[in-house]
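K.L.:
Here it is, the structure in full.
Residue numbers (my numbering): 44 to 166.
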């Protein structure tokens with residue numbers, strides 16, 4: 044996972060931690076940040092095992108560990124900011140969740156009442 048390229052999104056999440064609408068527009072999905080957190084944590088465990096068994100050189104171990112830790116830091120901060128916002132303002136998060144669930148996909152026109160309402164909320 045290359046969550047490191049999303050450092051700007053992490054900074055934006057910290058700046059707008061009290062603005063659920065801004066947090067709902069972050070690049071990437073909440074599930075993506077969670078999966079990055081889990082996969083890089085597992086990767087760090089694998090690196091630790093490989094380092095103990097002397098399968099990696101010292102420089103490579105340091106580089107890969109730094110990469111995994113940076114990914115964990117970025118995805119962890121975004122995870123905490125979004126989770127905290129969702130807990131504090133569930134009513135505000137209901138609107139972006141509704142839009143995400145009911146918005147028309149692939150550029151087709153809305154067909155149901157929910158899709159029309161989601162389109163209106165997007166604008």
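Each residue gets a CB set at the ideal place from its N, CA and C atoms; glycine is no exception.
1. Start and end of the alpha helix (DSSP H) containing residue 100?
2. Can you list, in chain order, the residues of its chain whose CB lies under 7 Å from that of residue 107, leaving out five sequence neighbours each side?
3. With distances taken Cα to Cα, identify the nearest neighbour of residue 110 among 87, 92, 126 and 98.
4. Name the two residues that bound the continuous alpha helix (DSSP H) containing residue 136.
5. Using the rule of at least 16 other Cβ atoms within 10 Å of the residue's Cβ for burial, across every protein chain shown, is residue 61 buried or exposed?
P.N.:
Taking the geometry as given:
1. Unbroken run through residue 100: none, as it is neither H nor E.
2. 90
3. 87
4. 133-145
5. exposed
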